[in-house]
Every structure is written in C-alpha cells, then in structure tokens.
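Q: Residue numbers (numbering that gives the first Met the number 0): 0 to 374.
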Amino acid sequence: MHSIKYSIQARSLTVSWLAIVLSAGWGMTLSAQPADRAIPVVTTPVELAEAFTDTIEALGTAKANESVVITANVTEVVEEILFDDGDQVRKGQVLLRLRQDEEQASLKAAQARLDERLAAFGRAQDLERQQALSTAALQERQALLRQVEGEIEVIQSQINDRVIRAPFDGVLGLRNISVGALVRPGDPITTIDDLSQIKVDFEAPSIFLSALRPGLRIEGRIRAFPGRVFEGEVRNINTRIDPATRTVSIRAILPNEDGLLRPGLLVAINLAKNPRNALLIPEGAVIQRGRSSFVYRIVEGDDGPRAVETEIKPGTRVTGKIEVLDGITAEDRLVNHGLMQIRDGAKVRILGNQTGPDQALSDFLQDEPVQANPS
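1. Could you tell me the boundaries of the beta strand (DSSP E) in which residue 287 lies?
2. Among residues of its own chain, excluding the 5 on either side of residue 83, which ones have a beta-carbon nearer than 6 Å to its beta-carbon?
3. May I ask you to report which of helix, strand or coil DSSP gives residue 29?
4. Excluding the 5 residues preceding and the 5 following residue 254 in the sequence, name in chain order all residues of the same chain whose CB lies nearer than 7 Å to its CB.
5. Where residue 384 and residue 266 are concerned, what is the direct C-alpha to C-alpha distance, given to the nearest angstrom?
6. Report the rounded CA-to-CA distance for residue 351 versus residue 39, giving the unit in angstroms.
7. State buried or exposed for residue 281, treating a residue as buried only when at least 16 other CB atoms are found within 10 Å of its CB.
8. Tell me the rounded alpha-carbon separation between residue 330 and residue 218.
9. Which residue comes first and which comes last in the beta strand (DSSP E) that contains residue 170?
10. Can you look up residue 321 in the DSSP assignment and give me helix, strand or coil?
11. I'd like the ranges of any beta strand (DSSP E) spanning at least 3 consecutive residues and lying wholly in the stretch 170-210.
12. Cα-Cα, which of 93, 311, 87, 198 is closest to residue 287?
13. Output the residue ranges of the beta strand (DSSP E) runs that lie fully inside the stretch 233-273 and measure 3 residues or longer, sorted by chain position.
14. Between the Cα of residue 153 and those of 110, 119, 246, spot the shortest distance and give me the residue it belongs to.
15. Quick one: is residue 385 buried, meaning 16 or more other Cβ sit within 10 Å of its Cβ, or exposed?
16. Can you look up residue 144 in the DSSP assignment and give me helix, strand or coil?
17. Go ahead and label residue 222 buried or exposed: buried means 16 or more other beta carbons lie within 10 angstroms of its beta carbon, across all protein chains shown.
18. Using only the alpha-carbon positions, how far apart do residue 270 and residue 215 sit?
19. Can at least three beta-carbon pairs, one atom from the stretch 244-263 and one from the stretch 199-206, be found at a separation below 8 Å?
20. Between the beta-carbon of residue 81 and the beta-carbon of residue 58, is there less than 8 Å?
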C-alpha cells in the first residue's frame, strides 16, 4: 500500500519537472524566433457613417396634444347623457344635456312677441310709405323688434349653455356624473384628450443651445413598451433659460397613430443633434498613451503589409466605437486584434478583416497553425 503511494508521488514529481522543462524550452524557442517575423493580426475597415449625430439624453413627460376637463357653465340638473367611458368623439358632438324647461318656455314667449312685433313693423312700413306715419314712429317700432331679437339671442345662449359638446376630436375619459345629478360650474364631468400625437416636454443644458432647433429628430423609449422606439421631432424651444438650472425647455412631438401612448408617461429621450458624416472605428483598435490616442494602419510594402503607428484625434464615443476627427481616412485599414505584439513598422500577416461585431475572433483563428515545441 505504501509502495503504491510512493509511486504516485514519484510520478507527480516527474510530471512537474517535465512541465518546467517544456516551458523553458518553449520560451527559448519563442525568443529564438526572428525579430522581423510576420505577426498575425486581424484588421478592420474604417466605417464612414452618414448623418452621424451627437446625442443628448433627457427624461420627459408625455402630454396630450390637446387636453380639457369637461365641465358645465351653469348650475343645473343633468337630464340626458349621450356618451360613455372612453368614447371617441368628434368636434361639436353633443355629450350632455342639462334641464332647460324654463329656458325653452321663455324662448316660446319671446318668439311670440317677435312675431307680433314683426307684423307691427310691417304695418308701420306701409303707413310710412303712405306718409300716414312719421319716420320716428317707424324707427320706434324697429327698435322694439330688435329688442325682442336680442332677448331671443340671450335665451338661446342660455339653452346652449345647457347642451355640452366636445370642443375637439378626441377620446373621452371616465364619466363622473349620472342622470339627475346637480352639476355646478367647475364640477368635472369627464375629460377629453386629443391623442393623435403626444407632446413631450424635457430639459436640456443651455450649452447645447446653438445646436438646438425645431425639426431635430428624437427617439423616445418607455418602460411600459420595452424594445419599442418612438420616433418624433423637436417642435419648439423655449425662449427663456432657467436661471437656477441653466437649462432650456424643449417640446417634442411623437406621432401616436396606434394610440399606445398616454399622457403622464415617463419618456426617456435621445435627442440627435449636429448631424454630419463621420469616420468610426472600434474601440479595440485604439491605443491610449497619456492624453494621446494611436492606431496601427496597414501599409503595403515591398515585402508585404506592415503596421504603421498613427496618432488620431478622437471625437464622440458611441457604444463600442469612436469617432475619428483627424489622422486617418475612410480608405484605411486598421489592426483590431493582435495589438499587444505590434511595434511601429512591424511586418504583419493578416488573418482576416473583421467588418462587424457579429464576426467572432475564433472564425479568423481556425486556420491558424499551432506552434509546437520541436523535439
């Protein structure tokens, strides 16, 4: 039993010493390789992005395009309700009728007086043409006629106050009254919202004021609709800057043809400003030294491709990419993988050209031969 244990320990020591020897031999082999050997790399093209924009992020609140609380102008009893919760209504559609018996009776009496005075005025005109009535008497009859006409207009206005109509096309909210209820001015009957488009008000730092203008594109995201992007544009920019926060209020419009958006929703806004053509490169292709940024461009030489270190001027950073303002062109090809072994002017062997994040690095290494330690 003890002999088996000692045998296992001896084998373990042998394997450990063998690993050390192989590691030393491998290091000697690597150090013995030519200094100007071609270094395997993966390259990436420079992306020319048209209409590239900077982004301002903000939070805004959704509001209806038009929104009103429907209420009465007079104190009266509800006689008839002609709508239900959530109805889609048109401008001028009758929603509610209040009791108007007294006004209707007054209207009938006034119309009777109107008929009488119309007849009296007609007779007066005939007499005045026959010079049997003075002009002053004719004008007096005409004044009495206009007086009754005015009374009818007042009564008609009182009747109209007892007929409540939709002020614009929209969607009604919840009904808050019933037939027979006494309503007073200011009592909420229901709400109406125009949801054909949604206003979103948000704040942006005033330092961006020179780049802000109506018509800029925005994207809105709402937690209630994950994965959905609502596109719209800036409608207006406030004329005043908040002196406390140094921000400016912006109003944007989001189309709402499908009616998903509702007033009061919190909207995460991405505002695109300063549209331009830009050169974009992957973040992995950039080497940072202090405050300077460098890339390795592929330059074809007489003895094959070489990597040339080039200083660049970076701009805006987006997810996984950097805008380059100066130092390279759209025709350049840069080293994206293998930067740890490269020096300026080093000869390289290009394994492939990575054109997007969907391409895995392992795809380019499948055909790469594995170095073995020579016996």
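Heads up, the beta-carbon is just placed ideally off N, CA and C, and yes, glycines get one too.
As the structure is a prediction and not an experimental result, all values here were calculated from the model.
A: Well, looking at it:
1. 286-288
2. none
3. Residue placement at residue 29 is poorly supported in this model, since its pLDDT is 37, which falls under 50; the coordinates still yield a value, given next. Residue state, collapsed to three classes: helix.
4. 196, 231
5. Within the shown structure, residues of the chain are numbered from 0 to 374, placing residue 384 beyond reach of any answer.
6. Roughly 10 Å separates the two Cα atoms.
7. Classification for residue 281: buried.
8. Residue 330 and residue 218 have their C-alpha atoms spaced approximately 32 Å apart.
9. 169-171
10. strand
11. 189-204
12. Taking only the C-alpha atoms, the option nearest residue 287 is 311.
13. 246-254
14. 110
15. The structure shown does not extend to residue 385, since the chain is modelled only from 0 to 374, so the question has no answer here.
16. helix
17. exposed
18. 7 Å
19. yes
20. no
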